[in-house]
Amino acid sequence: MTERKFQRLAVSELGAWLGANPDALILDARDANAFAAGNIETSVRLDGRNHEGLIFSTPKSRPVFIYCYRGNASQTYAQQFADFGFRNVADLVGGWEGLQKALAHRPAVDAGLATWLNNNGFSDVQTAGTHGNTPLMHAAWKGEASVVDALLAAGARVDAVNNDGNTALWLACVSNDPAIVQRIASAGADIDHANLTGATSLMYAASSSKPDIVATLLALGADPLIQTQDDFSALDMAASVECLQLLRAATRTAKQA
């Protein structure tokens with residue numbers, strides 16, 4: 001059996017992948033009529049006559065995303081691109097039909113949220129923008145609690161990560177708003193998620209001298225014993241007496257457990 005060298009994306013993963021790869025070549029492997037009736041923005045139609053030209057004219061460092069009707073033909077094309085040395089290739093499980101079904105069942109976005117999305121440069125609730133930040137990340141970073149609530153109600157994912165590997169929970173910590181941190185955590189966010197450097201939200205809050213956020217995260221169950229790639233814990237990073245005291249107590253309790 002040939003080893004698959006490309007990534008298969010679920011519809012729920014598509015927005016984050018496109019946000020993380022804004023320069024991706026998007027290829028639609030459906031017929032001309034289907035493509036004309038509707039397609040993903042900026043996509044190029046792919047067929048048996050132009051696929052070799054695209055393979056040889058596209059830099060192999062460029063990400064490639066391919067979708068078809070139901071996710072079958074896209075796998076064949078994706079494997080071809082991967083076999084020719086493209087390092088970041090993905091296709092869509094369920095294809096265009098799966099995407100349309102997901103969109104049809106997506107919670108409605110009210111007029112106020114739609115206006116906010118448009119004013120902040122977002123096309124929809126899930127698709128990421130600058131630096132891979134989703135609308136939920138952006139609202140959390142700006143400390144806009146009512147928008148955070150609206151986005152969560154509209155189905156915004158709390159597990160999406162930006163280009164640094166941070167989630168909306170981390171961005172909520174940046175805004176220094178314990179209520180937003182609690183709201184995102186209650187929606188199912190991983191309290192102990194670590195970014196690309198191995199740092200958690202608790203570590204960030206400690207190093208940024210945000211004792212209210214440290215206290216909130218600890219109350220939500222954040223693990224003070226987790227260490228970064230350089231073996232530093234949140235306690236090691238504490239930048240204020242208040243954070244130091246909170247983390248000393250939490251660390252003692254965690255070690256005794």
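All residue numbers for the sequence shown refer to full-length UniProt numbering, where the first residue is 1 and numbers rise by one. Ideal Cβ placement from N, Cα and C applies to all residues, glycine included.
Test item: CB-CB of residue i and residue j under 8 Å
i    : j    : result
T228 : M203 : yes
L244 : A187 : no
A189 : G19  : no
R30  : W116 : no
P211 : S233 : no
Separation of residue j from residue i, as counted between CA atoms
i           : j    : result
V125        : V214 : 29 Å
M1          : E52  : Caution is warranted here: a pLDDT of 44 is assigned to M1, below 50, making its placement in the model unreliable, and the coordinate value is therefore given only provisionally. Cα to Cα, M1 sits roughly 24 Å from E52.
residue 273 : S12  : This structure cannot settle anything about residue 273, because the visible part of the chain is limited to 1 through 257.
S93         : S74  : It should be pointed out that residue 93 corresponds to Val in this sequence rather than to Ser. Going from the Cα of V93 to the Cα of S74 covers about 9 Å.
T76         : R8   : 12 Å
G165        : G48  : 37 Å
A82         : I66  : 12 Å
F56         : R87  : 14 Å
T253        : D159 : 28 Å
Residues near residue i by beta carbon distance below 7 Å, same chain, minus five either side
i    : result
R45  : D28, A32 and F35
A140 : V148, A168, L171, A172, S175, I180 and I184
Close beta carbons around residue i, own chain, < 8 Å, minus the five adjacent residues each side
i    : result
D23  : R62 and P63
Q182 : T216 and L220
As assigned by DSSP and simplified to three states, the class of residue i
i    : result
M1   : Note that M1 has pLDDT 44, beneath the 50 cutoff, so the model's placement of it is unreliable and the number below is only indicative. Correct three-state label for M1: coil.
D192 : coil
Q245 : helix
Y77  : helix
A90  : strand
D223 : coil
Y69  : coil
Candidates the options, of which the one nearest residue i by Cα
i    : options                   : result
V89  : L25, V158 and L244        : L25
I40  : P178, L113 and L14        : L14
F84  : T42, T58 and D231         : T58
G155 : N118, L113, N120 and N119 : L113
H131 : S146, K60, N21 and G38    : N21
M237 : S207, K5, L246 and N118   : S207
Cut-off 6 Å between Cβ atoms - residues of its own chain near residue i, not counting five sequence neighbours on either side
i    : result
T200 : D192, A194 and I226
D177 : G143
N133 : N162
D223 : D192
R70  : G95 and E97
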